[in-house]
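*Asks:* Quick one: structure below, then a few questions.
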Amino acid sequence: MKKTVSWAAALAAALGLLASAARAQEATGDWHGVLKVGPSELRVGLTVTAGLDGVLAGQLVSPDQGGAAIALSEVRGQGGRLSFSATAIHGRFEGAWDAPQQAWVGSWTQGVSLPLTLTRGPVPVAARPQTPGRPYPYREEEVAFDSAPGVRLAGTLTLPPGEGPFPAVVLITGSGPQDRNETLAGHQPFLVLADHLTRKGVAVLRFDDRGVGKSTGGFAAATSSDFAVDAEAAAAFLRGRPEIAAGKVGLLGHSEGGMIAPMVAAKDPKIAFLLLLAAPGVPARALLTAQRQAVMAALGAPPEAIARSQALMTKVDDAVLQAKDADAARTEVTRLLSEARGDLPPAAAAVQASMIGSPWYREFIAYDPGPALAKIRVPVLALNGDKDMQVIAEQNVPALRAALRDDRDATVMALPGLNHLFQSASTGSPQEYGRIEETFSPAALEIISDWIAARTRP
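Below, the structure is given as structure tokens:
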């Protein structure tokens, strides 16, 4: 009798397990949808898996916001309902199964609540016709070189056909942890740029940021000054290569990279030329204020909401600049955010404060690119898109021209119709990046390669 009871219990447990797994199967697999944020649309992808015990797990991706996978902290799918949470971004979905649509219909809440319908299947892959494919008509080499202690940078060196020596350029990424291709929203602008320039006879070195990809070191505690050290090491590495014309090595920086490149050139007289793409010309704090105004307005935020955000960030930035150290900055910023947004969970305020109080942010908002730019005496080409909402041309182009006025060979141009990534854009909103097929304006690519050729000819 004892054995019969044991067997029956085991059978019941097994049947319960199978039933649980069957319920989970309703939600498992790939799902996709679109979040409408003001005039913008963001693609969202959800992948749900089930363990043998029926417990669900999953991850969320938004290709139009970088495409990094975000692990879900909780997934529940039962009785025709689906819910999941992403603690890392303070977001949650609640929805119900809609049989006619064959979809989960509900809402995504992340500060505000937005309707979201999830249909079975992976996120549709956007076309990227400019992304080059192998085999390339030039040489490609995986390289690594040392920077600061404990930092070894990994990258790709592309070399034109022939023996050389070739003029060369180092590509410097924008803010945030970036790989060597500066991958964003399914685009790889540095891959496209390197391919174009190498086909035009210019050697190109692009590398993963410290602590990213195959590069060692820590990204989280690094500042713009640290990234300048890395860029200087990259240029020195190129000058030591026999295929490279040591006197014709320049820097090309995008966004924050366009701020870092002059920092390097102001100290290193061996830098032969600079290309600054969407580079700041005004102090970073003024840059961010204008950026918030433009992006929030594009997302449909009412003027009063924009004003509240600007007032809060003025207090936050003051606190960061006045704090004696990073810990003090994070504490004060946490307090300010919690007071301003009573509905913000303490953990969420702490996460935001950690980012805002980081060493990088503290250095960045105190930085004025003007003095470094004023020291430059090598050829400079600075390009900004007139639809850029992150580094606004109307604000930064005049400042760049003023700072470079004593450089005999400095060209500053605002290119019509281009956004921050140098895509041909409709609005310029960051939410548009992933929906645009073009990775980099062909006209802008030609301007860049023609300018380098004119200044590096034998």
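Taking my numbering, the leading residue of the sequence shown gets 13, the next gets one more, and so forth. Note that CB positions come from ideal geometry on N, CA and C, so glycine has one too. Note that the coordinates shown come from a computational prediction; the quantities given were computed from them, not determined experimentally.
Tell me which residues share the same chain as SER321 and place their Cβ nearer than 7 Å to its Cβ, disregarding the 5 neighbours each side in the sequence.
*Replies:* Scanning its chain for C-beta atoms nearer than 7 Å, with the 5 sequence neighbours on each side dropped, one finds around SER321 the residues ARG304 and MET308, in chain order.
*Asks:* May I ask which residues mark the beginning and end of the beta strand (DSSP E) holding MET425?
*Replies:* 422-427
*Asks:* Does the pairing of the stretch 126-139 with the stretch 152-163 give three or more beta-carbon distances under 8 Å?
*Replies:* Three or more beta-carbon pairs separated by less than 8 Å are not found between the stretch 126-139 and the stretch 152-163, which leaves the two stretches without contact.
*Asks:* Shortest alpha-carbon distance to GLY162 belongs to which of THR228, THR439 and GLY293?
*Replies:* THR228
*Asks:* Quick one: what's got a C-beta closer than 6 Å to LYS48's C-beta in the same chain, skipping five residues either side?
*Replies:* none
*Asks:* For ALA456, which residues of its own chain have a beta-carbon under 7 Å away from its beta-carbon, when the five flanking residues on both sides are left out?
*Replies:* So the qualifying residues of the chain are LEU395, LEU427, LEU430 and PHE434.
*Asks:* Return the residue from the list VAL117, VAL124 and ALA83 that minimises the CA-CA distance to ALA313.
*Replies:* VAL124
*Asks:* Looking at LYS260: is its Cβ nearer than 8 Å to the Cβ of ALA378?
*Replies:* LYS260 places its beta carbon 8 Å or farther from that of ALA378.
*Asks:* Using DSSP bridges, identify the partner residues of PHE231.
*Replies:* None; PHE231 has no bridge partner.
*Asks:* For the alpha helix (DSSP H) that contains PRO127, what are its first and last residues?
*Replies:* Counting along the chain, PRO127 falls outside any alpha helix (DSSP H), though it belongs to the beta strand (DSSP E) covering 124-132.
*Asks:* So, is VAL474 buried or exposed, given that buried needs 16 or more other C-beta atoms within 10 angstroms?
*Replies:* Nothing can be reported for residue 474, as the shown portion of the chain is limited to 13 through 470.
*Asks:* Quick one: grab the DSSP three-state call for GLN364.
*Replies:* helix
*Asks:* Which runs of the alpha helix (DSSP H) spanning at least 4 residues fall entirely within the stretch 375-426, listed in chain order?
*Replies:* Along the stretch 375-426, the alpha helix (DSSP H) occurs as fully enclosed runs of 4 or more residues at 382-386 and 405-415, listed in sequence order.
*Asks:* In this structure, does DSSP put PRO189 in helix, strand or coil?
*Replies:* Three-state DSSP puts PRO189 in coil, outside helix and strand.
*Asks:* Answer yes or no: do MET401 and PRO454 have a C-beta to C-beta separation smaller than 8 Å?
*Replies:* no
*Asks:* With DSSP run on the structure shown, which of helix, strand or coil describes LYS212?
*Replies:* coil
*Asks:* When we look at the beta-carbon of TYR148 and count the other beta-carbons within 10 Å, is it buried (16 or more) or exposed?
*Replies:* exposed
*Asks:* Please report the straight-line C-alpha distance between THR343 and ALA365, rounded to a whole angstrom.
*Replies:* 7 Å
*Asks:* Which residues share a DSSP beta bridge with VAL87?
*Replies:* PHE96
*Asks:* Quick one: what's got a C-beta closer than 6 Å to HIS432's C-beta in the same chain, skipping five residues either side?
*Replies:* ALA290, ASP400 and GLN402
*Asks:* So, at 7 Å on beta carbons, what are the nonlocal neighbours of VAL87 in its own chain, with the 5 sequence-adjacent residues on each side left out?
*Replies:* VAL60, LEU68, ALA69, GLY70 and PHE96
*Asks:* Put GLY118 into one of helix, strand or coil per three-state DSSP.
*Replies:* strand
*Asks:* Taking the runs of the beta strand (DSSP E) that are 3 residues or longer, which of them lie wholly in the stretch 267-340?
*Replies:* Qualifying beta strand (DSSP E) stretches, in chain order: 286-289.
*Asks:* Among the candidates LEU416, GLU406 and ALA233, whose CA atom is the shortest distance from the CA of GLU375?
*Replies:* Ranking the options by Cα distance to GLU375, first place goes to ALA233.
*Asks:* Would you report the Cα separation of LEU287 and TRP463, rounded to the nearest angstrom?
*Replies:* 9 Å
*Asks:* Can you give me the start and stop residues for the alpha helix (DSSP H) that PHE249 sits inside?
*Replies:* 236-251
*Asks:* For ASP329, count neighbouring C-beta atoms within 10 Å of its own C-beta (all shown protein chains included) and say buried if the count is 16 or more, exposed if not.
*Replies:* buried
*Asks:* Can you tell me whether DSSP reads SER461 as helix, strand or coil?
*Replies:* helix
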